[in-house]
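The structure appears below as structure tokens.
2 protein chains.
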Amino acid sequence: MRAEHKAEMKARKRNIALLVAYDGTNYNGFQRQRPPIQAIQNILEERLEKIFGDSIELSASGRTDAGVHALGQVVNFFTNGRIETKKIPRAAAGYLPSDIIVRDAWEEDKNFSALHSAKSKIYIYRIQTGATVNPFAARFAWHIPYPLDVQKMSDALKILVGTHDFSAFKAAGGAPMNPVRTIYSAEIFPVREFDADILQIKIHSTGFLYHMARNIVSAVVAVGRERMTLPEFQKIFKDRDRSPIPATAPAHGLCLYKVFYS
Amino acid sequence: MRAEHKAEMKARKRNIALLVAYDGTNYNGFQRQRPPIQAIQNILEERLEKIFGDSIELSASGRTDAGVHALGQVVNFFTNGRIETKKIPRAAAGYLPSDIIVRDAWEEDKNFSALHSAKSKIYIYRIQTGATVNPFAARFAWHIPYPLDVQKMSDALKILVGTHDFSAFKAAGGAPMNPVRTIYSAEIFPVREFDADILQIKIHSTGFLYHMARNIVSAVVAVGRERMTLPEFQKIFKDRDRSPIPATAPAHGLCLYKVFYS
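Residue numbers (the working numbering), protein chains in the order written: chain F, 150 to 411; chain L, 150 to 411.
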């Protein structure tokens with residue numbers, strides 16, 4: 150049945166891809182949930198059905214957890230709907246809530262899958278520093294009022310670059326999967342936005358294990374606060390031992406920034 | 150009675166000033182309202198009473214309208230409370246909701262009034278450009294998807310600098326007051342924040358009539374969209390005739406940025 154259903158979907162005329170941004174604050178993550186739980190996928194599918202006139206089943210580059218944001222989520226779906234591709238973003242704006250935005254739309258060939266064709270992803274984690282919270286940054290950054298040694302954080306991130314077993318940063322109890330990924334780059338840099346001092350941790354990897362980005366941030370922050378030394382960080386990583394890493398960094402600092410396809 | 154009450158307040162030992170930031174999205178403006186309407190002043194007074202142990206009556210540099218934000222609102226109040234001044238921001242964070250923040254606290258002499266001692270203010274209005282909304286900027290910027298001629302907007306703003314009658318930009322039906330103010334500077338400049346293109350209009354003035362900042366923005370945007378010429382803008386300003394100005398720019402783009410005292 151499932152294979153038949155897939156074939157039916159693929160028999161539709163068009164394979165539409167969308168670049169989607171969202172403020173994840175009010176949603177229970179990306180992946181479709183049983184109503185009344187509000188997931189971003191439910192809302193996208195419901196509203197896109199109104200535009201395209203047939204039932205929509207999205208495939209996304211990956212899930213994002215509850216509270217995680219996106220500027221560069223990519224999804225695709227098969228449809229017989231006839232709306233001109235370039236008109237999709239504005240049409241979507243008329244149906245979607247203001248915190249879910251279709252930034253771009255384009256047509257792909259039938260073999261493209263936002264999930265399976267993805268080659269790598271960039272996640273950005275934002276930390277707001279300073280003694281008090283800046284309300285303009287608060288929704289999209291973890292506020293850390295303590296001093297952070299940015300050079301040490303940068304050194305810790307460099308240790309992760311390359312092809313490694315990232316089990317140390319995997320959430321306990323996640324589904325078993327191959328824990329080897331290749332991190333192409335992992336950097337930290339400061340930006341200033343409307344009176345707020347933000348540290349952005351940017352990680353480009355072939356993929357991310359469950360909670361991997363947020364656990365990396367959590368360990369790197371421990372290094373920045375001098376609660377963990379660089380040799381300790383390296384040892385945890387090599388030993389694939391999650392236990393000394395502090396609690397997973399909060400979801401609202403994380404953003405799926407970009408997905409790369411070949 | 151009122152004068153007696155004022156004298157009683159002034160007889161208290163300390164005159165505390167606070168630098169306050171807020172995300173105005175969820176509040177019905179700054180000024181105290183009859184419950185259950187949520188105004189920022191109600192919440193500040195209620196929560197500060199828990200910290201200082203006596204009844205608090207705030208004076209603020211000025212009201213901000215429903216939905217308007219602040220990074221630099223200044224308030225003061227008299228108290229016999231004994232908490233150390235430098236501990237106030239952190240104590241306040243324990244009582245206040247996360248969208249109202251005490252950034253700084255200091256002690257003033259008895260004659261200081263956040264309202265009456267204010268010499269000038271800076272308001273910043275933020276416009277997000279680009280075809281689609283960036284969700285990270287959406288809460289604190291007016292999205293305008295149409296092309297804007299920034300040079301013409303800058304020229305319009307320059308016309309306003311100096312001491313003038315600003316009646317053209319006053320809301321219809323506001324309380325009668327002297328409409329003369331001195332604008333020290335009025336500029337527009339682009340910033341880029343996390344993939345969003347923002348235009349910031351920054352106006353430094355001895356004061357602002359009711360809706361003046363938002364009506365200036367509205368007229369300047371009309372110039373930027375080439376719906377109003379510079380000579381038309383100048384004529385409206387000189388004739389003190391509000392009628393050709395489009396609707397007041399939305400509140401959520403506006404932020405009280407800084408208040409200056411002598």
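Here a beta-carbon is modelled for each residue, glycine too, at the ideal position from N, C-alpha and C.
Would a C-beta distance cut-off of 8 Å place HIS360(L) and LYS319(L) closer than the cut-off?
-> yes
For PRO296(F), go through chain L and note every residue whose CB falls closer than 7 Å to its CB, in chain order.
-> Neighbours of PRO296(F) on chain L: none; closest Cβ ~16 Å, over 7 Å.
Hey, does SER422(F) have any beta-carbon neighbour from chain L nearer than 8 Å?
-> Because residue 422(F) is not part of the residues shown, which for chain F are 150 to 411, the question remains open.
Could you confirm whether any beta carbon from chain F is found closer than 8 Å to the beta carbon of SER247(L)?
-> yes
With respect to the alpha helix (DSSP H) encompassing THR191(L), which residues constitute its N-terminal and C-terminal limits?
-> For the record, residue 191(L) in the displayed sequence is Asn; it is not Thr. Where ASN191(L) is concerned, the enclosing alpha helix (DSSP H) stretches over 189-201.
Since TYR176(L) sits in a beta bridge, which residues does DSSP pair it with?
-> Per DSSP, none; premise fails for TYR176(L).
Return the CA-CA distance between GLN349(F) and PRO399(F), expressed in angstroms with no decimal places.
-> 14 Å
Would you call the region 169-178 of chain F and the region 211-223 of chain F touching, i.e. three or more CB-CB distances under 8 Å?
-> yes
Compare the beta carbon distance of ILE232(F) and ALA240(F) with 8 Å and say whether it is the shorter of the two.
-> yes
Rounded to the nearest angstrom, how far is the Cβ of GLY402(F) from that of ALA290(F), given a contact under 8 Å?
-> 5 Å
Is there a Cβ from chain L that is less than 8 Å from the Cβ of THR378(F)?
-> no
Hey, would you say ILE332(L) sits closer than 8 Å to VAL299(L), going by beta carbons?
-> no
Return the CA-CA distance between SER316(L) and GLY211(L), expressed in angstroms with no decimal places.
-> 19 Å
Of the listed residues GLY178(F), ALA188(F), THR278(F), THR228(F), nearest to ALA156(F) (C-alpha basis) | THR228(F)
Straight-line Cα distance separating ARG341(L) from VAL408(L) | 25 Å
Mind checking the region 167-188 of chain F against chain L and listing, in chain order, the residues whose C-beta falls within less than 8 Å of any C-beta there?
-> ALA170, TYR171, ASP172
Note down the Cα distance separating PRO238(L) from PHE285(F), rounded to an integer number of angstroms.
-> 18 Å
Taking only beta carbons into account, state which residues of the region 328-342 of chain L come closer than 7 Å to chain F, listed in chain order.
-> GLU342
Please report the residue range of the alpha helix (DSSP H) in which ASN164(L) lies.
-> Note, ASN164(L): premise wrong, no alpha helix (DSSP H); beta strand (DSSP E) at 163-171.
With distances taken from CA atoms, which of LYS199(F), PRO184(F), ASN164(F) is nearest ALA224(F)?
-> Before going further, note that residue 224(F) is Val rather than Ala in the sequence given. Nearest option by C-alpha distance: ASN164(F).
For ASP461(L), which residues from the same chain have a beta carbon less than 7 Å from its beta carbon, with the 5 sequence-adjacent residues on both sides left out?
-> Chain L is shown from 150 up to 411; residue 461(L) falls before or after that span and cannot be answered.
Among residues of its own chain, excluding the 5 on either side of LEU197(F), which ones have a beta-carbon nearer than 6 Å to its beta-carbon?
-> ILE205
Along chain L, in chain order, which residues have C-beta atoms closer than 7 Å to that of TYR271(F)?
-> Inspection of the sequence shows that residue 271(F) is occupied by Ile rather than by Tyr. Chain L residues near ILE271(F): none, gap ~12 Å exceeds 7 Å.
4 or more residues per run - each alpha helix (DSSP H) lying fully within the region 214-279 of chain L | 237-244
For LEU297(L), the three-state DSSP class (helix, strand or coil) | coil
In three-state terms, what does DSSP make of HIS353(F)?
-> strand
Per DSSP, what kind of secondary structure is ARG330(F) in: helix, strand or coil?
-> strand
Would LEU207(L) pass as a contact of GLN182(L) if the rule is Cβ separation under 8 Å?
-> no
Run through the region 353-389 of chain F for me and flag every whole alpha helix (DSSP H) of 4 or more residues, listed as ranges in chain order.
-> 361-373, 379-388
May I have the straight-line CA-CA distance separating THR414(F) from PHE382(F), to the nearest angstrom?
-> What is shown of chain F runs 150 to 411, which leaves residue 414(F) out entirely.
Alpha-carbon to alpha-carbon, SER334(F) and ARG363(F) = 16 Å
Cβ of PHE409(L) less than 8 Å from any chain F Cβ?
-> no
Taking Cβ-Cβ distances shorter than 7 Å, what residues in chain F pair up with VAL217(L)?
-> The contacting residues do not exist; VAL217(L) stays about 12 Å from chain F at best.
For ILE250(L), which residues in chain F fall below 7 Å Cβ to Cβ?
-> THR281, VAL282, PRO284
With 8 Å set as the bound, which would you pick, yes or no: does the beta-carbon of PRO238(L) sit closer than that to a beta-carbon of chain F?
-> yes
Expected contact under 8 Å - CB spacing of ALA215(L) and GLY178(L) to nearest Å | 4 Å
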